[in-house]
Amino acid sequence: MALSPPSRLPLALPGFEHIKRGWNDTYEAYAARLMPGEYYVTLHDEGIYTTLGSCISACIRDRVIGIGGMNHFMLPASGEMSGWKSEHLSVINRYGNFAMEHLINDILKNGGKRQNLEVKVFGGGRIIANMTDVGMRNINFVRDYIETEGLHIVSEDVGDVYPRMVVYFPATGKVRVKRLRSVHNNLIIEEEFRYLNTIEAKPVSGDIELF
Amino acid sequence: MKTDIVKLVQGVEGLVTLPDVFVRINQLIENPDSSIADIAQAVSQDPSFTVRLLRVANSSFYSFSSTIDTVPKAVSIIGTSQIRNLALATAIASTFTNLPNNLISMENFWRHSLYCALIARGLARQARKCDAEAVFTAGLLHDIGELVIFNRLPEQAKAVLQRVQESGDELPIYQAERQTMGFDHAQVGGELARQWRLPPMLEECIGCHHDIREAQRYPVEAALVHIANALAVMAEVHTFDFADVSPIDPHAWELSGLVAEEVIEPAVSEARAGIAEAEKVFLGK
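Residue numbers (our numbering), protein chains in the order written: chain A, 221 to 431; chain B, 23 to 307.
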């Protein structure tokens, strides 16, 4: 018998109304569910959760005022075939930069202070055997990005061969990472491929809004 | 609901049939007049099974001091009831290659099954209440219903996994199956075992591994497979956290007489250490 939620769904910040949210019995809290390519920032004590294969999520919050959010993205694979020209690299990284900037900017815009930011990173699993380690590429990107921004990662669970379920509470910084059974692999791979196709199909330009 | 399960399983008849070698060995073993020579002859008629049997007999699974190079020797040393288990265990994997699916690779499917088998056997040896080798086979086959569902009802199977992910992986797969389809993979596997006329112990362990209170004749065996299934997930995702795996019915621990805190870590670690060899021996990798 499901418990009835004791409170109303917290108001979503402008721009995040489309993110799917629901009551979670286990955490006794509302939680937003992120699909690949999405991100979510909240001022309230609500959870954000997502399923990660080779994609990566940064969980970032202002540890003093407790507002923060999570993204879910991967770098496009294009350019891999034609080698590692620096031009390609910057084009590829641009997608990651967007994902990270959107999350951080929205936290700052809503009252977060850069010096209070606390970063946790999850995902980047190698869930397809015998392929280029796209998960590792995503991990390396995020680590570099965080370092370049002068921030640091306080905890992470990345790499290895598992898909992951991540549940994050920006108000407290609490996070739960659950490694998923391999039975989930193919469904997650399918969703990530679909997402990859959408980002690769878009023309890349400096100002384009990707998410 | 029951008729849905029966129809589903009848739908795979002809696609998955038990290999002749198993059927013949099974008949011979059930007949008290059969000799070891009769059984050895039945085995020898299937070259791939013969190779596999000798490979298993000479593996670290059995620490025999001398090399086992002939089928009669293997049959007399391994024992006839154990030959039946082996015939079944080694035949099933090839049988199911006729039932492909897009959701799980056979490699990942059998790895979980083998983990469950190894752990179930280890626990059975400690519990000393039932035939550990038979429980191994039950562990190996516990999820065969999943392969039937994945092949015959791919869209619903996908909806089940989506529902599990939607719940933040809090809803166990078998419960999501019941909500989506009205039955679960354990019931489907139990029905397949029934139609295949597998030994009743296997039918009950497969059919009740998520619902051990339903087990009428073999509650201890079913309890061991139930526990081993959860521990197999621990081995698979490399954790000792109960919250990461499907819940274990406390009644299962009572039936087994085992103490969770004492057996879990050694059982999971031992299975992780033995999995590569088991995959090589049983799945021919």
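Every residue, glycine too, gets a C-beta built ideally from N, C-alpha and C.
Fair warning: this is a prediction, and the values are worked out from it, not measured in the lab.
Neighbour list for residue i in chain B, Cβ cutoff strictly below 9 Å
i        : result
TYR382/A : GLU258, VAL259 and HIS260
ARG253/A : GLN187, GLU188 and GLY190
Per-residue burial, residue i [other beta carbons within 10 Å of its own, 16 or more giving buried]
i        : result
PRO383/A : buried
TYR84/B  : exposed
THR112/B : buried
ARG414/A : exposed
LYS329/A : exposed
ASP68/B  : buried
THR159/B : buried
ASP263/B : exposed
THR89/B  : exposed
SER277/A : buried
ASN53/B  : exposed
LYS240/A : exposed
ALA289/B : buried
MET203/B : buried
9 Å Cβ cutoff, residue i in contact with chain A
i        : result
PHE131/B : yes
HIS231/B : no
VAL247/B : no
ILE195/B : yes
LYS29/B  : no
GLU199/B : no
GLU168/B : yes
HIS134/B : yes
Contacts that residue i makes with chain A (C-beta to C-beta distance below 8 Å)
i        : result
LEU183/B : VAL403, HIS404 and LEU407
ILE126/B : SER402, VAL403, ASN405 and ASN406
LYS180/B : LEU407
Best match in the options for proximity to residue i [C-alpha to C-alpha]
i        : options                                   : result
LEU37/B  : ASP91/B, LEU121/B and ALA59/B             : LEU121/B
THR39/B  : THR92/B, THR117/B, GLN104/B and MET128/B  : THR117/B
TYR365/A : ILE324/A, VAL284/A and GLY235/A           : ILE324/A
GLU321/A : GLY344/A, THR368/A and ARG346/A           : THR368/A
ASP191/B : GLU226/B, GLN148/B and SER268/B           : SER268/B
ASP380/A : ALA251/A, ARG346/A, GLU420/A and GLU248/A : ARG346/A
THR261/B : ARG216/B, GLU243/B and GLU287/B           : GLU287/B
LEU175/B : ASN107/B, GLU35/B, ASN123/B and ALA215/B  : ASN123/B
GLY235/A : ASP326/A, VAL374/A and ASN244/A           : ASP326/A
VAL65/B  : SER103/B, ALA109/B, THR202/B and ALA254/B : ALA109/B
ASN406/A : TYR250/A, SER227/A, THR271/A and LEU263/A : THR271/A
LEU193/B : TRP218/B, ALA265/B and GLU225/B           : ALA265/B
ARG133/B : ASN80/B, ALA245/B and LEU253/B            : LEU253/B
GLY432/A : ARG334/A, GLY344/A and ARG399/A           : Beyond the ends of chain A as shown, which are 221 and 431, falls residue 432/A; an answer cannot be given.
GLU248/A : LEU229/A, LEU337/A, ARG314/A and PHE342/A : LEU229/A
ALA154/B : GLU284/B, ASN130/B, SER278/B and VAL28/B  : SER278/B
ASN358/A : VAL374/A, GLY332/A, ILE285/A and ASN317/A : ASN317/A
Contact list for residue i against chain B, beta-carbon separation under 7 Å
i        : result
LYS398/A : ASP191 and ASP266
Contacts that residue i makes with chain B (C-beta to C-beta distance below 8 Å)
i        : result
MET385/A : GLN187, GLY190 and ASP191
TYR269/A : GLY190
Cα-Cα separation, residue i to residue j
i        : j        : result
ILE409/A : LEU233/A : 30 Å
HIS164/B : ASN417/A : 38 Å
GLY267/A : GLY393/A : 10 Å
HIS292/A : TYR259/A : 6 Å
ASN173/B : ASN251/B : 22 Å
CYS275/A : GLU376/A : 14 Å
ILE270/B : ILE249/B : 6 Å
THR25/B  : ARG143/B : 33 Å
ALA198/B : ALA156/B : 29 Å
VAL339/A : ARG396/A : 14 Å
ARG150/B : LEU169/B : 32 Å
SER98/B  : PHE86/B  : 12 Å
ASP233/B : VAL247/B : 11 Å
GLY289/A : GLN184/B : 23 Å
TYR388/A : GLN178/B : 29 Å
MET128/B : CYS138/B : 15 Å
Test: residue i CB closer than 9 Å to a CB of chain B
i        : result
ASP245/A : yes
THR262/A : no
TYR250/A : no
PRO230/A : no
Neighbouring residues, chain A, relative to residue i (Cβ below 7 Å)
i        : result
VAL326/B : Any answer about residue 326/B is impossible in this case: the structure gives chain B only from 23 up to 307.
Cβ of residue i within 9 Å of any chain D Cβ
i        : result
HIS164/B : Of the protein chains in this structure, namely A and B, none is chain D.
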